[in-house]
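Under our numbering, the first residue of the sequence shown is numbered 144, with each subsequent residue one higher. Just below is one structure, and these are the notes that go with it.
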Amino acid sequence: MREQILSIIEKSSRIEVKELAVILGVEEIDIANELKAMEEEGIICGYHTMIDWEKTSIEKVTALIEVRITPQRGQGFDRIAERIYKYSEVNSVYLISGGYDLLVTLEGKSLKDVSSFVSDRLSTLDGVLSTATHFILKKYKDHGTILTKKYEDTREKVTP
Numbered sequence: 144m145r146e147q148i149l150s151i152i153e154k155s156s157r158i159e160v161k162e163l164a165v166i167l168g169v170e171e172i173d174i175a176n177e178l179k180a181m182e183e184e185g186i187i188c189g190y191h192t193m194i195d196w197e198k199t200s201i202e203k204v205t206a207l208i209e210v211r212i213t214p215q216r217g218q219g220f221d222r223i224a225e226r227i228y229k230y231s232e233v234n235s236v237y238l239i240s241g242g243y244d245l246l247v248t249l250e251g252k253s254l255k256d257v258s259s260f261v262s263d264r265l266s267t268l269d270g271v272l273s274t275a276t277h278f279i280l281k282k283y284k285d286h287g288t289i290l291t292k293k294y295e296d297t298r299e300k301v302t303p
């Protein structure tokens with residue numbers, strides 16, 4: 144039952160317990176108890192709302208920053224990753240494979256804000272060897288949700 148609940152709420156966290164119970168054919172109290180248990184165990188870490196900021200008047204810049212670091216003896220990448228994720232601008236930090244070690248995502252009000260963060264805070268951390276910053280220009284799909292509508296030709300068709 145856990146996997147079914149998780150699959151459903153991952154796509155729609157606003158679904159009501161009552162509706163989940165109907166879908167899964169169990170009692171509401173069983174669903175509520177299972178959700179509470181998964182929250183307490185840290186399986187469910189939070190509930191988020193996805194916003195398409197392009198459709199608002201609020202200016203936001205999203206950046207993906209690859210970070211190459213020197214792992215610390217006995218702690219690997221964890222200590223530096225922890226220092227990075229404690230910054231309020233940082234949305235996520237991932238240990239990745241390939242030419243870089245960490246992938247950091249963050250949001251700023253402008254390109255200048257992001258570049259200041261990278262040059263003044265991130266790249267000056269002990270153990271950070273180099274960074275590569277990529278700015279999100281347009282989101283097509285995010286967390287499984289398509290954000291752009293497919294282009295539809297609205298011209299009148301003319302046939303010979």
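Virtual Cβ for every residue (Gly too), placed ideally from N, Cα, C. Bear in mind that the values here come from a model prediction, so they are computed numbers and not experimental data.
Measuring only the C-alpha atoms, how far is Ile212 from Ile174? Residue mapping note: residue 212 aligns to position 69 of the sequence shown, counting from 1. Residue mapping note: residue 174 aligns to position 31 of the sequence shown, counting from 1. Rounded to whole angstroms, Ile212 and Ile174 show a C-alpha spacing of 43 Å.
When we look at the beta-carbon of Leu163 and count the other beta-carbons within 10 Å, is it buried (16 or more) or exposed? By 1-based counting over the sequence shown, the position of residue 163 is 20. Answer is buried; the Cβ neighbour count reaches 16.
Spell out a yes or no on whether the stretch 205-220 and the stretch 268-283 are touching, meaning 3 or more CB-CB pairs, one atom from each, closer than 8 Å. Taking 8 Å as the limit for Cβ pairs, the verdict is that the stretch 268-283 does touch the stretch 205-220.
Segment contact, 8 Å Cβ cut-off, at least three pairs: the stretch 179-187 with the stretch 231-246: Because the criterion of three Cβ pairs below 8 Å is not met, the stretch 179-187 and the stretch 231-246 do not touch.
Can you tell me the Cα-Cα spacing of Ser262 and Ser240, whole angstroms? Here residue 262 refers to the residue found at position 119 of the sequence shown. Here residue 240 refers to the residue found at position 97 of the sequence shown. Each residue's alpha carbon lies about 24 Å from the other.
What number of angstroms, rounded off, separates the C-alpha of Tyr243 from the C-alpha of Ile289? By 1-based counting over the sequence shown, the position of residue 243 is 100. By 1-based counting over the sequence shown, the position of residue 289 is 146. The straight-line gap from Cα to Cα measures roughly 29 Å.
Label Leu265 either buried or exposed according to how many other C-beta atoms from any shown protein chain fall within 10 Å of its C-beta, with 16 as the threshold for buried. The residue labelled residue 265 in the question sits at position 122 within the sequence shown. Looking at its Cβ environment, which holds 16 or more other Cβ atoms inside 10 Å, Leu265 is buried.
Tell me the DSSP secondary structure of Val210 in three-state form. What you label residue 210 is simply residue 67 of the sequence shown in a count that begins at 1. If DSSP states are grouped into helix, strand and coil, Val210 belongs with the strands.
Let me know if Ala224 comes out buried or exposed under the rule of 16 or more other beta-carbons within 10 Å of its beta-carbon. To locate residue 224, count along the sequence shown from 1; it is residue 81. Classified as buried, Ala224 has 16 or more neighbouring CB atoms from the shown chains inside 10 Å of its CB.
Around the Cβ of Val257, are there at least 16 other Cβ atoms within 10 angstroms (buried) or fewer (exposed)? Translated into the one-based positions of the sequence shown, residue 257 becomes position 114. By the neighbour-count rule (16 or more Cβ atoms within 10 Å), Val257 is buried.
Can you give me the Cβ contacts of Lys203 inside the same chain, cut-off strictly under 8 Å, excluding the 5 residues immediately before and after it? As a working mapping, residue 203 is identified with position 60 in the sequence shown. Cβ neighbours of Lys203 within its own chain (closer than 8 Å, five residues either side excluded): Trp196, Glu250, Gly251 and Lys252.
Quick check on Ser273: does DSSP put it in helix, strand or coil? Locating residue 273 in the sequence shown gives position 130, counting from the first residue. Ser273 falls in the strand class under three-state DSSP.
Where Asp221 and Val165 are concerned, what is the direct C-alpha to C-alpha distance, given to the nearest angstrom? Position 78 of the sequence shown, counted from the start, is the residue given in the question as residue 221. Position 22 of the sequence shown, counted from the start, is the residue given in the question as residue 165. Answer to the nearest angstrom: the Cα atoms are 42 Å apart.
Tell me whether Leu178, by its Cβ, gets closer than 7 Å to a heavy atom of the ligand MN. Ligands in the displayed structure: none, and consequently the ligand MN is not present.
By the three-class DSSP mapping on this structure, what secondary structure does Ser231 have? On the sequence shown, residue 231 is found 88 positions in, with the first residue counted as 1. Assignment of Ser231 by DSSP, reduced to helix, strand and coil, places it in the coil class.
Would you identify the three-state DSSP class for Glu170, choosing helix, strand or coil? Here residue 170 corresponds to residue number 27 of the sequence shown, with the count starting at 1. Glu170: coil per DSSP, three-state reduction.
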